[in-house]
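Undergrad:
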Amino acid sequence: MKTTHSNLPPIPVDYIVDHALTLTSDSKRRPYVDLINMWAEHEGMGGDVDDVISSITGKPAINAKHMPKEFYARYRESEKAARLIEIVRGINKEIAYGDTMWTWPHVMRVMVDENIIMSDISPNRFDAIICSMIPGKGHDTVRKNGNYNIMFDRTDSYRLWSPTSPNPVQATNREICDQIAERFKPILSRYDTKLTS
């Protein structure tokens with residue numbers, strides 16, 4: 060038998076959503092979005108939370124059935140799209156916990172260079188897309204994380220930077236991008252044997 064902390068019945072998610080909607084700003088709603096997201100993960104229903112969070116934030120969630128046009132077509136197919144969203148959410152945790160030197164500009168560089176997203180995407184649009192892929196992620200938190208100068212030359216590629224370069228910034232950026240690309244490896248077309256055989 061489970062012990063409870065009070066005689067009150069459990070609070071239903073709908074009640075939390077209704078309360079969050081009475082609040083006047085995203086920052087006031089944020090704790091409720093986090094709470095619902097954590098509860099869904101705890102219950103093993105992380106994929107079912109997007110619509111609930113969207114109803115609080117007012118922003119449409121990106122899911123495997125609704126991927127923006129900035130993604131290459133193969134990443135808008137539901138199976139790959141679902142895996143891509145899962146990878147991005149994992150990367151978000153790595154960046155949020157500060158266990159790596161990764162920044163969102165490094166992620167953007169890899170996603171552009173690996174032909175996951177179109178090369179002409181702006182940092183603002185990238186911010187909107189990534190924030191919509193991660194339940195409860197605040198607007199501008201991607202755009203303001205790191206230095207987007209790494210994206211200045213769209214004809215360049217992180218794969219052309221030498222990890223042994225005498226330029227320590229370039230060598231560091233190559234190492235960071237390689238680490239991030241490793242996370243995307245299960246869905247990258249250059250590793251897809253079905254496309255090459």
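The opening position of the sequence shown corresponds to residue 60 in the numbering used here, with each subsequent residue numbered one higher.
Cβ atoms here follow ideal geometry from the backbone N, Cα and C, with glycine treated the same way.
On a predicted model such as this, the values are computed, not experimentally measured, just so you know.
Taking the beta carbon of T162 as the centre, do at least 16 other beta carbons fall within 10 Å, making it buried, or is it exposed?
TA: buried
Undergrad: Once you ignore the five residues that flank V264 on each side, which residues in its own chain have a CB closer than 8 angstroms to its CB?
TA: For residue 264 there is no data in the structure shown, the boundaries of the chain being 60 and 256.
Undergrad: DSSP on D85, reduced to helix/strand/coil?
TA: helix
Undergrad: Compare the Cα-Cα distances from M170 to each of T159, M160 and P182 and report the closest residue.
TA: The residue with the shortest Cα to Cα distance from M170 is P182.
Undergrad: Just to confirm, are M192 and R133 a CB contact at a threshold of 8 angstroms?
TA: no
Undergrad: Quick one: measure Cβ to Cβ for S178 and R202, integer angstroms, because I've assumed they're closer than 8 angstroms.
TA: With a Cβ gap of about 18 angstroms, S178 and R202 do not count as contacting.
Undergrad: Select from I180, M97, G205 and H165 the residue whose C-alpha is nearest the C-alpha of R242.
TA: H165
Undergrad: Alpha carbon to alpha carbon, how far is I246 from N204? Give it in angstroms, no decimals.
TA: Distance between N204 and I246, taken at the CA atoms: about 25 angstroms.
Undergrad: Tell me, which residues are paired with H125 by DSSP?
TA: N122
Undergrad: Helix, strand or coil, according to DSSP, for I176 in the structure here?
TA: strand
Undergrad: Does F130 come out as helix, strand or coil in the three-state DSSP assignment?
TA: strand
Undergrad: Buried or exposed for E136, please, with buried defined as at least 16 other CB atoms from any protein chain shown within 10 angstroms of its CB.
TA: exposed
Undergrad: Counting C-beta neighbours from all protein chains within 10 Å, is the total for V108 16 or more, i.e. buried, or is it exposed?
TA: buried
Undergrad: Can you tell me which of the three DSSP states I193 falls into?
TA: Assigned with DSSP and collapsed to three states, I193 falls in coil, not helix or strand.
Undergrad: By Cβ distance, which residues of its chain are closer than 8 angstroms to S216, with the 5 residues on each side in sequence left out?
TA: D172
Undergrad: Skipping 5 residues on each side, what residues in its chain have a beta carbon closer than 6 angstroms to that of G230?
TA: First, the residue type needs correcting, since residue 230 is Ala and not Gly in the sequence shown. Here the set comprises P222 and S224.
Undergrad: Between the C-alpha atoms of M210 and L94, what's the straight-line distance to the nearest angstrom?
TA: 35 angstroms
Undergrad: Can you tell which of D158, N151, G157 and Y156 has the C-alpha that lies nearest to the C-alpha of M167?
TA: N151
Undergrad: Spatial neighbours of Y207 within its chain, please: CB distance less than 8 angstroms, with the 5 preceding and 5 following residues excluded, ordered by chain position.
TA: P164, M167 and P182
Undergrad: To the nearest angstrom, how far is the alpha carbon of A187 from that of D199?
TA: 8 angstroms
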